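Residue numbers (the working numbering): 180 to 412.
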């Protein structure tokens, strides 16, 4: 099978959650599985080590509702949770009985093309502490946009590497629009989040994550080809 033919699976639940509850939702799913939770769910490889690769299972908020996005080997792993049917969970102190609304199984061809695709990228955590300082030191907006474009290309390459996809051609990436960045706090650290629209010659699956902390809903990508039917966060 072509390595670039990537299997994805999205489960959307009927239950509404806030964006801030996504980490609690992730923790609740892991807690429901208990000792049966696989490495792919939480990126642990042992008691004190982690697997620093692209997260294959990502927890989302889509149309205000809880969702789980799986890619590659993560698609097989999600069956563990669905077959267990342990849908009686707690988001912090809030009890919740999960109910599946829709499932979206799909295969996506991830490769570069002669044409480009437009994407929305929401709650993108592009900057770490080091490149945040570099970003702030840039006075011109054009320089900041160029800086972010290079980071986004790096995110795309990291995704491809994590999925073992061989990108044979140069990735083109250009920011088209950018909303005013917002400040957020992730695990006690203040960070800057961006909502942008960009175009790229790399075809990407809807709802995959780019940037930092994609396992808890940040940096969700949706193609802009059908804005009326896109599922918004």
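Glycine included, C-beta positions come from ideal geometry on N, C-alpha and C. Given the structure is predicted, the values throughout are model-derived calculations rather than measurements.
Can you name, in chain order, every residue of its own chain whose Cβ lies under 7 Å from the Cβ of residue i, other than the five neighbours on each side?
{"i": "residue 296", "result": "378, 379, 382 and 402"}
{"i": "residue 211", "result": "265 and 268"}
{"i": "residue 390", "result": "303, 304, 305, 334, 397 and 398"}
{"i": "residue 392", "result": "304 and 365"}
{"i": "residue 279", "result": "190 and 192"}
{"i": "residue 349", "result": "none"}
With burial defined as no fewer than 16 other Cβ atoms inside 10 Å of the residue's Cβ, what is the status of residue i: buried or exposed?
{"i": "residue 361", "result": "exposed"}
{"i": "residue 345", "result": "exposed"}
{"i": "residue 275", "result": "buried"}
{"i": "residue 225", "result": "Caution applies to residue 225, whose pLDDT of 46 falls short of 50 and renders its modelled position unreliable; the value that the coordinates give is listed next. Exposed is the call here."}
{"i": "residue 203", "result": "buried"}
{"i": "residue 404", "result": "exposed"}
{"i": "residue 178", "result": "Residue 178 falls outside the range modelled here, since the chain spans only 180 to 412, and no answer is possible."}
{"i": "residue 368", "result": "exposed"}
{"i": "residue 235", "result": "buried"}
{"i": "residue 237", "result": "buried"}
{"i": "residue 271", "result": "exposed"}
{"i": "residue 394", "result": "buried"}
When DSSP labels each residue in this structure, what does residue i get in the three-state scheme?
{"i": "residue 246", "result": "strand"}
{"i": "residue 251", "result": "coil"}
{"i": "residue 260", "result": "helix"}
{"i": "residue 204", "result": "helix"}
{"i": "residue 210", "result": "helix"}
{"i": "residue 394", "result": "helix"}
{"i": "residue 401", "result": "strand"}
{"i": "residue 265", "result": "coil"}
Excluding the 5 residues preceding and the 5 following residue i in the sequence, name in chain order all residues of the same chain whose CB lies nearer than 8 Å to its CB.
{"i": "residue 244", "result": "191, 192, 193, 194, 195, 196 and 280"}
{"i": "residue 324", "result": "354 and 357"}
{"i": "residue 185", "result": "250, 251, 286, 287, 288, 289, 342, 344 and 384"}
Can you list, in chain order, the residues of its chain with a C-beta nearer than 6 Å to that of residue i? Leave out the 5 residues immediately preceding and following it.
{"i": "residue 370", "result": "304 and 363"}
- Any chance the region 183-191 sits against the region 275-288, with 3 or more Cβ pairs inside 8 Å? yes
- Query: Does the region 237-250 come close enough to the region 383-402 to have 3 or more Cβ pairs within less than 8 Å?
  - Reply: yes
- Item | Runs of alpha helix (DSSP H) lying entirely within the region 308-373, each at least 4 residues, in chain order | 308-316 and 320-341
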